[in-house]
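Letter by letter, the sequence shown follows residues 1 to 307 of my numbering. Beta carbons: idealized from backbone N, C-alpha and C, even for Gly. One structure is given below, encoded as structure tokens.
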Amino acid sequence: MTHRLLMASLWWGALGGILTGAAPASGVEVERPTPVELRWKVPVAAPLRYTLTATSLPGREALTQLDSTRPGLWGLSPRTREPRPELVLLPREVVMTAELARVDAEDLAARVTLTRVEVSSPEGASSKDARRAKALVPPVAGTVLAHSSLMDLGIITRHLPQEQHNLVALLFELPARPVAVGDTWALSMDLIGEMGFEWHGERERFDQARLTALERDAAGRTVAIIDFTLTIRDAGYYEPLLSRRRFPASDTASYVGRGEFLVEEGRWKRLSGEISIQAKGVVRMDSAYRFVLEPLEPARFLPLAAE
Numbered sequence: 001m002t003h004r005l006l007m008a009s010l011w012w013g014a015l016g017g018i019l020t021g022a023a024p025a026s027g028v029e030v031e032r033p034t035p036v037e038l039r040w041k042v043p044v045a046a047p048l049r050y051t052l053t054a055t056s057l058p059g060r061e062a063l064t065q066l067d068s069t070r071p072g073l074w075g076l077s078p079r080t081r082e083p084r085p086e087l088v089l090l091p092r093e094v095v096m097t098a099e100l101a102r103v104d105a106e107d108l109a110a111r112v113t114l115t116r117v118e119v120s121s122p123e124g125a126s127s128k129d130a131r132r133a134k135a136l137v138p139p140v141a142g143t144v145l146a147h148s149s150l151m152d153l154g155i156i157t158r159h160l161p162q163e164q165h166n167l168v169a170l171l172f173e174l175p176a177r178p179v180a181v182g183d184t185w186a187l188s189m190d191l192i193g194e195m196g197f198e199w200h201g202e203r204e205r206f207d208q209a210r211l212t213a214l215e216r217d218a219a220g221r222t223v224a225i226i227d228f229t230l231t232i233r234d235a236g237y238y239e240p241l242l243s244r245r246r247f248p249a250s251d252t253a254s255y256v257g258r259g260e261f262l263v264e265e266g267r268w269k270r271l272s273g274e275i276s277i278q279a280k281g282v283v284r285m286d287s288a289y290r291f292v293l294e295p296l297e298p299a300r301f302l303p304l305a306a307e
């Protein structure tokens, strides 16, 4: 659970509003809006390239604490346990490059590469706990964080580890069918993942993407406004095989975002949102990140190939 929460907290927070609408009067026919097809349009020699910046929200220092001092935790004796909880301070800002390249007539290759990490300083943190935390040792610049293949319709066609799937789905997943204003579809992201075989509890999940509007920008291009909402709640306990005790735990992960997709050009104009994770129990965390995806200026770089 610790690893999944640490990785998931790097990408995204707050709960979205509940979408409501008035039902039509009985017997009155309502004309359905004309659906549009949202699909990636990537020329062979001109991959799409974006910059993705995730920044920790003020007052949410992304502090995670593993309580390794509880009696009987994981069945270990007191001598083998650390003398106090382990505190980790996650990065303040993460910058990535996201690329989408044409492989053949219907297939694309996506890659997300780490560009820069700004690590939080425990000494400069605002809370006493944060000042005695360890700064996370980040991966080096140039590290490939996710690599996948997908269809023009934004359907991921490669099995990925959960953290990589979340990142690719967040940036590149589109509805698999034409959609009209007001239509909704499901998200495949899971910000927390499986809790493990020692976990006993219940999960609540709400996820929805919604085509909110079709607009014209200043250049006359059709812009599809898409709102995203995802909330996951877990509540239960861990019961290690070598321990006679149960350890209560809970978590809440949420994502709310808005994308502006250029329909004729088949690419994002802008995508932004917030992701937050709160956890109590064995792992304690309260982190929130705001992210923005924006296109880079056209540049020459090597095309990607699907593995």
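>> With H, G and I counted as helix, E and B as strand and the rest as coil, what does DSSP make of L170?
In response: Position 170 of the sequence shown, counting from 1, holds the residue named residue 170. Here L170 sits in helix by DSSP.
>> Can you list, in chain order, the residues of its chain with a C-beta nearer than 6 Å to that of E204? Leave out the 5 residues immediately preceding and following it.
In response: Looking up residue 204 in the sequence shown gives position 204. Answer for E204: R233, listed in chain order.
> How many whole angstroms separate the CB atoms of D251 and I192, which I take to be in contact at a CB cut-off of 8 Å?
Replying inline: Within the sequence shown, the letter at position 251 stands for residue 251. Within the sequence shown, the letter at position 192 stands for residue 192. Indeed they touch by this definition, with Cβ atoms about 6 Å apart.
> Can the beta-carbon of W185 be found closer than 8 Å to that of G236?
Replying inline: Locating residue 185 in the sequence shown gives position 185, counting from the first residue. Locating residue 236 in the sequence shown gives position 236, counting from the first residue. No, they are not a contact pair.
> Exposed or buried, what is V256 when buried is set at 16 or more other beta-carbons lying within 10 Å of its beta-carbon?
Replying inline: What you label residue 256 is simply residue 256 of the sequence shown in a count that begins at 1. Under this definition V256 is a buried residue.
> Is there contact between the stretch 239-247 and the stretch 212-224, where contact requires at least three CB pairs shorter than 8 Å?
Replying inline: Contact between the stretch 239-247 and the stretch 212-224 is absent, because fewer than three Cβ pairs lie under 8 Å.
> Beta carbon of V283, beta carbon of T34: below 8 Å?
Replying inline: Residue numbering aside, residue 283 sits at position 283 when the sequence shown is read from its first letter. Residue numbering aside, residue 34 sits at position 34 when the sequence shown is read from its first letter. No, the pair does not count as a contact, with Cβ atoms beyond the cut-off.
> For H165, which three-state DSSP category applies?
Replying inline: The sequence position of residue 165 within the sequence shown is 165, counting from 1. Three-state DSSP puts H165 in a helix.
> Are L296 and R49 closer than 8 Å when you measure CB to CB?
Replying inline: Start at 1 with the first residue of the sequence shown, and residue 296 comes out as number 296. Start at 1 with the first residue of the sequence shown, and residue 49 comes out as number 49. In contact: L296 and R49 (Cβ atoms closer than 8 Å).
>> Spatial neighbours of L302 within its chain, please: C-beta separation below 8 Å, excluding the five flanking residues on both sides.
In response: The residue given as residue 302 occupies position 302 in the sequence shown. With a pLDDT of 41 at L302, under the threshold of 50, the predicted position of this residue should be treated as unreliable, and no value is reported.
> Beta-carbon separation of W268 and E260 under 8 Å?
Replying inline: The sequence position of residue 268 within the sequence shown is 268, counting from 1. The sequence position of residue 260 within the sequence shown is 260, counting from 1. A distance below 8 Å separates the beta carbons of W268 and E260.
>> Taking the straight line between their C-alpha atoms, what separation do you get for L100 and L211?
In response: For the purposes of this step, residue 100 is taken as the residue at position 100 of the sequence shown. For the purposes of this step, residue 211 is taken as the residue at position 211 of the sequence shown. Cα to Cα, the separation comes out at about 23 Å.
> Nearest to L170 by CA position, among V179, L87, D190 and A109, is which residue?
Replying inline: By 1-based counting over the sequence shown, the position of residue 170 is 170. Selected option, being the one with the closest Cα: D190.
> Cβ of R258 versus every heavy atom of the ligand NAP: is any distance shorter than 7 Å?
Replying inline: Annotation note on the ligand NAP: not contained in the displayed structure, which lists no ligands.
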